[in-house]
Structure formats: C-alpha cells, structure tokens
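In terms of the numbering used here, the sequence shown has 1369 at position 97, counting the first letter as 1, and numbering is strictly consecutive.
Every residue, glycine too, gets a C-beta built ideally from N, C-alpha and C.
All figures in this text were calculated on a predicted structure; none of them were measured in a lab.
Only one structure is covered here, and it is reproduced in the block below.
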Amino acid sequence: MARWLLLALLLVAGTASAFETHDFDWVDEKRERPVPVRLYWPEADRPVPLVVFSHGIGGSRRGYSYLGEYFASQGIASLHLQHVGSDRSLWLGNPFSLIGRLQGAAQEREALERVRDLTYALDQLLTHREFGARIDRARIAAAGHSYGANTVMLATGAGVERNGRRMELRDPRIKAAVLLSAPPFYGEQDPKRILRSLTLPTLHVTATEDTITIPGYYSPVGDRVAVFEAVGSPVKALAVFEGGSHSIFTNRAGTGGAELNPQVKQATRELSLAFLRRVFYGAGEALERWPQTYAPILARWVSPSP
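Printed below as a string of structure tokens:
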C-alpha cells in the first residue's frame, strides 16, 4: 500500500461510528412500480443528514456500498435506490436481446421514472414511523453514478423542455448533489441550456479514462467536464483522477487498475464527505486538505468558490 494512502487511512481511523442496514421493498401504488431501497443508518442521538443515491444502468440497491457504509459510519444516513426499469435484471435473460434491453432502459420514459423513484423514496423515508423524525430535513443531498447522475441532475434543477414546456422535476428538499461520472443528457445538444438552472452546490467526480461505451452510446471523459462547466451553480467542485475507468466508481474491484481501484474509492468517499460537510455545516477544512492528500492520483482539481 502506498505511504500516502496509508496516511489517508490513518487520518480517518478511529472516527467511524456504528451503523445499521435496512432493506425496504416499497411499491409506488400510483405508478404500480416497485421501489426497493437499502438504508444505511448511523448510530446517532440527534437528527442526521441524508444522502439519496441513484445507481447507474444495471445496478441495484446493494451497489455503491463503499459510499453508503462510509457515510453512515460518519453520521450521515444513505438511502440507496433500485430502479426496476434499469436495474441488474437487464443482465439476465437472453444475451442476444441484451442490446435492446439496454437501449430500452435508456429511453426517456425510464429516465423520468427514475426521478419519480427518487422523490417517492424520499417521501417514504421522511414519513417512516421509525426514521422519518430522525432525519435533518435541512441537510438532504442526492448522489448518483452515470445514469444515476443524470437522475440526480433532473431532480436538482436540470431544465428539459418538451413541446415548448419545461418539465418540472426538481425536488426542493434536496440541497446539494454529488455527481459521479455524469454523462450528458442523451439526445440533447446544448448542456448549458439544460444545466444552467441547476444552481445547487455540486461535486463532480471523474477520471481521465472514464469513457462510457455501451451498444449505441459512446461518451468520452470530456463530456464529464462539459457537464461540470455547464452547471449553473456558483458553488461547484471537480475532481479528475488519473487513469481509472467508468466503472471504477461502482463496487467492482480491479476495474481501472488493481492498485488504483481501492485508492480512488477511498479518495471519492472522503471527498464526498468533505464536500457535504462544507455545504451542510460550513466546515471546509477537510475539503481544503483533500487535494494535497490525494495529489499522487489526481489529474485535475477545481475547488468550489468561497
């Protein structure tokens, strides 16, 4: 293990708290759509902040546990959604029809249903008899990877128009966004027109080899940077890791390099936590230290405005 990574681990050692995991199999009766979730719940004697997490295409509520477990160990609840129209079930069934399943999951109808999943799950948790009153409603963030980052952008202010009318999808309860490997919106030509209305604090995380290649769709890392530049928020940060891959931000081990993979995960979860603490509490010290700690694997860093 590199000395700098060992030092980073030691800096957070001893600060973790106990947490629990709870799975709920909710069903949105209005849409007749299941919304399975996994909740990482911290041990706390006061209301806690919340992150609502949206997975990428083909994922599940069990994914991105390296983030959910870490957030909960640091006192932030993390609610991980499963979007049934674009979840792990896509990989099952006839392999010859996989391309069609992937392309179907990327269509506008499913993109909108994912946003409704997020809003519904947040409704359910905030009214939950055990957990609802224990959430700090002034400190709710949304996070997502890839397709999940698109979901989060729609839920936090991205402006898409259809038939000359703006689609109102923003959930005002969400106060910040963490966007991992955010692709541009499929079929939309001008990211600035869509994203200038996203004015919440945003953290963007990518890597120099973060390329999306699936049948019928290609997106280079430059798209991630273009999304960052197009977002209208006055408070936004960008981290670009050297090397890596698009799936390095998932739970998959080894992708992007056997040594680099755990380093990027460690850096990503610490950065996300530091960003949220700056937004929620105005505590920016950890965020200021972060780029120096992870300089050996960092290709670019843009700090948020004061």
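query: Per DSSP, what are the beta-bridge partners of residue 1349 in this structure?; result: 1322
query: Could you have a look at residue 1410 and say whether DSSP puts it in helix, strand or coil?; result: strand
query: Near residue 1274, what residues of its chain come up, given a Cβ to Cβ distance below 6 Å and the 5 sequence neighbours on each side ignored?; result: Bear in mind that a pLDDT of 45 at residue 1274, under 50, signals an unreliable position, so the number given afterwards is only what the model happens to contain. Excluding sequence neighbours, residue 1274 sits near nothing in its chain.
query: Go to residue 1393, then tell me how far its alpha helix (DSSP H) extends in each direction, as first and last residue.; result: 1380 to 1398
query: Go ahead and pull the three-state DSSP assignment for residue 1550.; result: helix
query: Grouping DSSP H, G and I as helix and E and B as strand, with all else coil, what is residue 1542?; result: helix
query: At the level of alpha carbons, what is the spacing between residue 1570 and residue 1302?; result: 45 Å
query: Is the distance from the Cβ of residue 1532 to the Cβ of residue 1543 below 9 Å?; result: no
query: Given 8 Å as the limit, is there contact between the segment 1321 to 1332 and the segment 1349 to 1363, that is, 3 or more CB pairs closer than that?; result: yes
query: Name the residue from 1554, 1538, 1389, 1576 whose alpha carbon lies nearest to the alpha carbon of residue 1565.; result: 1538
query: Please state whether the Cβ-Cβ distance between residue 1307 and residue 1415 is less than 9 Å.; result: no
query: Between residue 1567 and the rest of its own chain, which residues show a CB-CB distance below 6 Å, the 5 nearest in sequence each way excluded?; result: none
query: For a quick check, are the C-beta atoms of residue 1497 and residue 1425 less than 9 Å apart?; result: no
query: Is residue 1477 near residue 1441, with beta carbons less than 9 Å apart?; result: no
query: Which whole-angstrom value is the C-beta distance of residue 1338 and residue 1541, which I expect to be below 8 Å?; result: 6 Å
query: Please return the same chain residues whose Cβ sits closer than 6 Å to the Cβ of residue 1448, not counting the five positions on each side in sequence.; result: 1413, 1472, 1473, 1551
query: Would you call the CB atoms of residue 1464 and residue 1576 closer than 9 Å?; result: no
query: With a CB to CB cut of under 8 Å and the five nearest residues on each side skipped, what residues in its chain are close to residue 1393?; result: 1298, 1307, 1309, 1324, 1351, 1353
query: With distances taken from CA atoms, which of 1428, 1481, 1422, 1385 is nearest residue 1454?; result: 1422
query: Among 1340, 1327, 1408, 1461, whose alpha-carbon lies nearest the alpha-carbon of residue 1317?; result: 1408
query: Hey, would you say residue 1401 sits closer than 9 Å to residue 1300, going by beta carbons?; result: no
query: For residue 1410 and residue 1523, what's the separation of their Cα atoms in angstroms?; result: 29 Å
query: Relative to the C-alpha of residue 1288, which residue among 1399, 1340, 1486 is closest?; result: 1340
query: Quick check on this structure: which residue in 1367, 1485, 1457, 1520 has the alpha carbon closest to the alpha carbon of residue 1383?; result: 1457
query: Do you know offhand how far residue 1390's Cα is from residue 1427's?; result: 8 Å
query: Buried or exposed: residue 1482, going by 16 or more other Cβ atoms within 10 Å of its Cβ?; result: buried
query: Going along the chain, which unbroken runs of the alpha helix (DSSP H) with 4 or more residues stay wholly within the segment 1489 to 1523?; result: 1493 to 1502
query: Are the beta-carbon atoms belonging to residue 1319 and residue 1406 less than 9 Å from one another?; result: yes
query: Three-state secondary structure (DSSP) at residue 1484?; result: strand
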